[in-house]
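Participant:
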Amino acid sequence: MKTDKKLLFLLPLALSAGATAKENQPNENQPDGKRKLNIVYIMSDDHSYQTISAYDNRYIETPNIDRIAAEGVRFTNSFVANSISGPSRACMLTGKFSHKNGMISHATRFDSSQVTFPVLLREQGYQTAIFGKWHLKSDPVGFDRWEVLVGQGQYFKPIFITPKGRVTYDGYATNVITDLSLNWLEKERDTTKPFCLIIHHKSPHRNWMPDTSELNLFEDVKFPIPDTFYDDYEGRPAAAGQEMSIAGDEMDYAFDLKMNDSSINTRLKENLTFALRRLTPRQRELWDSTYNKLLREFLATKPTGKELAEWKFQRYMRDYLKCIRSVDNNVGRVMDYLREHGLLENTLVVYTSDQGFYMGEHGWFDKRFMYEESFRTPLIMRLPDSFGKLSKRGTIPQFVQNVDYAPTFLDLAGVKIPSDVQGESIVPLLEGKAPASWRKSVYYHYFEYPAEHSVRRHYGVRDSRYKLIRFYGHDIVRYELYDLQEDPAELRNLYENPAYKSTRERMHRELERLMKKYDDKPSI
Ligand code: SGN
Ligand code: CA
Numbered sequence: 033m034k035t036d037k038k039l040l041f042l043l044p045l046a047l048s049a050g051a052t053a054k055e056n057q058p059n060e061n062q063p064d065g066k067r068k069l070n071i072v073y074i075m076s077d078d079h080s081y082q083t084i085s086a087y088d089n090r091y092i093e094t095p096n097i098d099r100i101a102a103e104g105v106r107f108t109n110s111f112v113a114n115s116i117s118g119p120s121r122a123c124m125l126t127g128k129f130s131h132k133n134g135m136i137s138h139a140t141r142f143d144s145s146q147v148t149f150p151v152l153l154r155e156q157g158y159q160t161a162i163f164g165k166w167h168l169k170s171d172p173v174g175f176d177r178w179e180v181l182v183g184q185g186q187y188f189k190p191i192f193i194t195p196k197g198r199v200t201y202d203g204y205a206t207n208v209i210t211d212l213s214l215n216w217l218e219k220e221r222d223t224t225k226p227f228c229l230i231i232h233h234k235s236p237h238r239n240w241m242p243d244t245s246e247l248n249l250f251e252d253v254k255f256p257i258p259d260t261f262y263d264d265y266e267g268r269p270a271a272a273g274q275e276m277s278i279a280g281d282e283m284d285y286a287f288d289l290k291m292n293d294s295s296i297n298t299r300l301k302e303n304l305t306f307a308l309r310r311l312t313p314r315q316r317e318l319w320d321s322t323y324n325k326l327l328r329e330f331l332a333t334k335p336t337g338k339e340l341a342e343w344k345f346q347r348y349m350r351d352y353l354k355c356i357r358s359v360d361n362n363v364g365r366v367m368d369y370l371r372e373h374g375l376l377e378n379t380l381v382v383y384t385s386d387q388g389f390y391m392g393e394h395g396w397f398d399k400r401f402m403y404e405e406s407f408r409t410p411l412i413m414r415l416p417d418s419f420g421k422l423s424k425r426g427t428i429p430q431f432v433q434n435v436d437y438a439p440t441f442l443d444l445a446g447v448k449i450p451s452d453v454q455g456e457s458i459v460p461l462l463e464g465k466a467p468a469s470w471r472k473s474v475y476y477h478y479f480e481y482p483a484e485h486s487v488r489r490h491y492g493v494r495d496s497r498y499k500l501i502r503f504y505g506h507d508i509v510r511y512e513l514y515d516l517q518e519d520p521a522e523l524r525n526l527y528e529n530p531a532y533k534s535t536r537e538r539m540h541r542e543l544e545r546l547m548k549k550y551d552d553k554p555s556i
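Heads up, the sequence shown is in this note's numbering, so the first residue is 33 and it goes up one at a time.
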């Protein structure tokens with residue numbers, strides 16, 4: 033079944049504040065008589081911490097996302113276990129590393145018979161819903177209500193898979209996903225039950241298509257070129273061997289930069305043509321009036337060499353940040369709704385991304401590497417003032433990882449964490465404790481090679497100062513060692529440096545310990 037729907041239900045939301053008084057006592061009918069914490073878990077796709085002003089204000093202000101941090105906590109050492117969408121989502125759902133949940137790369141399919149946090153929350157009386165990106169190939173399990181994008185999803189007129197078949201909505205994905213989520217909160221959920229609402233945006237994933245309302249933002253801004261933009265990759269053959277360079281052909285003039293003209297050679301022109309077919313005539317008119325002007329300027333100046341590389345960087349940044357503006361506005365809509373309906377008093381709000389992203393560092397876009405920009409991911413949480421002992425505010429420096437989300441949500445809901453879950457509940461950190469036994473290092477393993485962007489398989493360990501990585505399996509087999517205190521940009525591979533012999537040995541032992549603890553090994 034395929035239906036076209038328009039989402040008309042949102043305007044009346046602001047008028048529905050009359051429900052507030054009643055909503056102030058949600059979940060009061062719990063069988064055990066206790067109030068339970070609701071969870072709103074917002075995640076974007078490829079949202080770098082560099083482009084959240086609570087983390088870094090060089091590029092954009094994100095006041096709505098920042099509000100979550102201002103009323104709660106911001107994790108300053110938050111990492112993923114595998115920096116790529118489907119695998120990262122599988123880690124979050126199961127609390128297990130990729131080799132245990134089976135979703136090691138996009139060549140695999142998530143085994144949906146596994147135990148996940150939504151399944152367990154639902155069994156314990158939570159109402160569960162997800163709207164937006166899913167990207168696990170198998171259908172969602174454990175949800176009372178779900179509508180998920182097909183694969184990566186489209187920015188305009190997105191198509192959703194639902195239990196009843198496919199549905200297409202007019203509009204821009206970030207707005208539509210928020211509309212569906214707010215509609216569920218307002219009209220569909222049972223206010224006598226606690227809920228877990230998952231809002232997973234497609235934006236700002238490649239090819240960074242802005243909403244028509246944001247098209248003209250940032251056009252007069254020149255963003256600073258990152259210090260490592262012209263990295264020569266010396267001593268790092270895997271970094272040299274990637275295909276995710278802004279200056280290179282892999283950043284496509286038509287698809288990525290929207291310069292669509294018969295005089296320009298592109299590989300992915302068709303992909304842009306398909307994406308643009310989804311715009312209404314009015315949207316297309318607005319789109320063309322922005323990009324045709326930029327195209328004329330480009331053709332008139334025809335930059336080359338360094339000038340061209342930096343022109344590509346600026347175009348990339350502007351479109352990416354326009355997408356972030358919509359994400360931030362829509363986070364604001366969710367926060368406003370929760371506030372107006374008295375729900376913030378017993379709701380945890382999480383904002384994160386499925387991984388970090390390169391904003392030109394090392395000359396790159398994309399992710400996948402265990403280097404800082406893609407190994408890290410933003411993580412902030414709004415904590416209710418009067419619920420339990422969640423008293424921590426400000427920054428949390430302890431190492432956390434996306435395998436920790438599932439046990440944390442279960443812990444907060446009072447649900448027993450299965451013994452085979454590998455992540456840790458971060459509830460003690462939210463309570464302001466600093467357990468001496470908290471992990472001092474994090475483990476990482478990336479498997480998607482051979483594949484798009486040519487990032488070799490690798491695994492490794494990072495502690496508060498050093499990082500050891502092993503690339504393996506194909507043409508490049510080699511270790512890398514970084515001193516993040518002396519070289520935070522990871523430009524100097526110290527693995528062969530005799531002065532670091534004892535550090536190297538210690539990091540090898542730590543890597544072995546974690547591989548044993550998590551029961552992992554090289555995949556080929
Ligand atoms: C698509 C993109 C890639 C991106 C992967 C994975 N190419 O294949 O640039 O690395 O998704 O991204 S595109 O031409 O289709 O845009 S992920 O966020 O889903 O892991
Ligand atoms: Ca992603």
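Where a beta carbon is used, it is the ideal one built from N, C-alpha and C, also for glycine. Note that the structure is predicted; figures quoted are calculated from it, not measured.
Can you tell me whether P63 is helix, strand or coil according to DSSP?
Facilitator: In this prediction, P63 scores a pLDDT of 45, lower than 50, which makes its location untrustworthy; no coordinate-derived value is stated.
Participant: Looking at I92 and T83, is the spacing between their C-beta atoms short of 7 Å?
Facilitator: Their beta carbons are under 7 Å apart, which means T83 touches I92 by this criterion.
Participant: For V432, which three-state DSSP category applies?
Facilitator: In this structure, V432 counts as strand in the three-state DSSP scheme.
Participant: I believe T322 touches N248 by the beta-carbon criterion, under 8 Å. Please report the beta-carbon distance rounded to the nearest angstrom.
Facilitator: The Cβ separation is near 6 Å, so the contact holds.
Participant: If you measure between the beta carbons of I100 and V359, is that distance less than 7 Å?
Facilitator: No, they are not a contact pair.
Participant: Just to confirm before moving on: does the CB-CB distance between L152 and V447 stay below 7 Å?
Facilitator: Closer than 7 Å, so yes.
Participant: Short of 8 Å in beta carbon distance, which residues of its chain neighbour N56, apart from the five on each side in sequence? Order them along the chain.
Facilitator: Low confidence applies here, because N56 scores a pLDDT of 40, under 50, leaving its location unreliable; read the following figure in that light. The answer, listed in chain order, is G374 and E377.
Participant: Give me the residue from L353, Y285 and G273 with the minimum Cα distance to L331.
Facilitator: Measuring from the Cα of L331, the nearest candidate turns out to be Y285.
Participant: I need the residues with a C-beta less than 5 Å from some heavy atom of ligand 4; please give them in chain order.
Facilitator: As far as ligands go, the structure on display features ligand 1 and ligand 2 and does not contain ligand 4.
Participant: To which residues does DSSP link W178 through a beta bridge?
Facilitator: According to DSSP, which records beta bridges pairwise, W178 is partnered with I162.
Participant: With a CB to CB cut of under 7 Å and the five nearest residues on each side skipped, what residues in its chain are close to V363?
Facilitator: Correct list, in chain order: I74, N96, I97 and Y383.
Participant: Can you tell which of I501, F287 and M276 has its C-alpha closest to the C-alpha of E484?
Facilitator: Nearest C-alpha to E484: M276.
Participant: Starting from the C-beta of N114, find all residues in its chain whose C-beta is less than 8 Å away, skip the five residues before and the five after it, and write them out in chain order.
Facilitator: S120, C123, F129, S130, I136, Y476, H477, Y478 and F479.
Participant: When you measure from the CB of D398 to every non-hydrogen atom of ligand 1, does any distance come out below 6 Å?
Facilitator: Under cutoff, so the answer is yes.
Participant: Let me check understanding here. Comparing Cα to Cα, which of T140, Y352 and P172 lies closest to V147?
Facilitator: V147 has its Cα closest to that of P172, out of T140, Y352 and P172.
Participant: Under the three-state reduction of DSSP, which class applies to D98: helix, strand or coil?
Facilitator: Three-state DSSP puts D98 in a helix.
Participant: Does DSSP classify I458 as helix, strand or coil?
Facilitator: Coil, per DSSP.
Participant: Looking only at its own chain, which residues have a Cβ that is under 6 Å from the Cβ of Y301, when we skip the five neighbours before and after it?
Facilitator: What sits at residue 301 in the sequence shown is Lys, not Tyr. Answer for K301: A286, listed in chain order.
Participant: Do you know whose CA, among F441, P450, A307 and S451, lies nearest L462's CA?
Facilitator: Residue F441 is the option with its Cα nearest to L462.
Participant: Does the region 215-222 come into contact with the region 258-270, if we say contact requires no fewer than three beta-carbon pairs (one atom in each stretch) closer than 8 Å?
Facilitator: They do not touch, by the three-pair rule.
Participant: Excluding the five sequence neighbours on either side, which residues of its own chain have a C-beta within less than 6 Å of the C-beta of I501, listed in chain order?
Facilitator: The residues are M402, H490, G492 and E512.
Participant: Pairing CB atoms from the region 423-433 with CB atoms from the region 101-110, are three or more of them under 8 Å?
Facilitator: Judged by Cβ distances under 8 Å, the region 423-433 makes contact with the region 101-110, as three or more pairs qualify.
Participant: If the criterion is Cβ atoms closer than 7 Å, does the pair L516 and R497 meet it?
Facilitator: Result yes, Cβ atoms of L516 and R497 sit closer than 7 Å.
Participant: What does DSSP give as the partner residue(s) for S277 in the beta ladder?
Facilitator: The partner list for S277 (beta bridge, DSSP) reads W396.
Participant: Return the CA-CA distance between Q62 and Q156, expressed in angstroms with no decimal places.
Facilitator: A caution first: Q62 carries a pLDDT of 47, below 50, which makes its placement in the model unreliable, though a value can still be read off. Each residue's Cα considered, the two are about 11 Å apart.
Participant: Using a Cβ-Cβ cutoff of less than 6 Å, which residues in the same chain neighbour R141 once the five nearest sequence positions on both sides are dropped?
Facilitator: Hits under 6 Å: K169 and S170.
Participant: Given R268, which residues of its chain have a CB within under 6 Å of its CB, disregarding the five upstream and five downstream residues?
Facilitator: Excluding sequence neighbours, R268 sits near N525.
Participant: Judging by CA-CA distance, which residue of S469, P195 and M291 is the nearest neighbour of W343?
Facilitator: With distances taken between Cα atoms, W343 lies closest to M291.
Participant: Can you round the beta-carbon distance between I458 and V432 to whole angstroms, since I take them to be within the 8 Å contact cut?
Facilitator: Confirmed, Cβ separation roughly 6 Å.
Participant: Would you identify the three-state DSSP class for V147, choosing helix, strand or coil?
Facilitator: Here V147 sits in coil by DSSP.
Participant: Measure the C-alpha to C-alpha separation of E537 and E393 and round it to an integer number of angstroms.
Facilitator: If I take the Cα positions, the gap works out to 29 Å.
Participant: Starting from L500 and walking both ways along the beta strand (DSSP E), at which residues does that stretch end?
Facilitator: Residues Y498 to F503.
Participant: Return the chain-ordered list of same chain residues with a C-beta closer than 6 Å to the C-beta of D64, the five sequence neighbours on each side being excluded.
Facilitator: In this prediction, D64 has a pLDDT of 49, which is less than 50 and means its spatial position is unreliable; nothing more can be read from the coordinates.
Participant: Quick one: Cα of R23 to Cα of S145, how far?
Facilitator: Outside the shown range of the chain (33 to 556) lies residue 23, about which nothing can therefore be said.
Participant: Within 10 Å of its beta-carbon, does D281 have 16 or more other beta-carbons around it, so buried, or fewer, so exposed?
Facilitator: Per the 10 Å Cβ criterion, exposed.
Participant: Under the criterion of a Cβ to heavy atom distance below 6 Å, does E484 qualify as lining ligand 1?
Facilitator: Within the cutoff, so yes.
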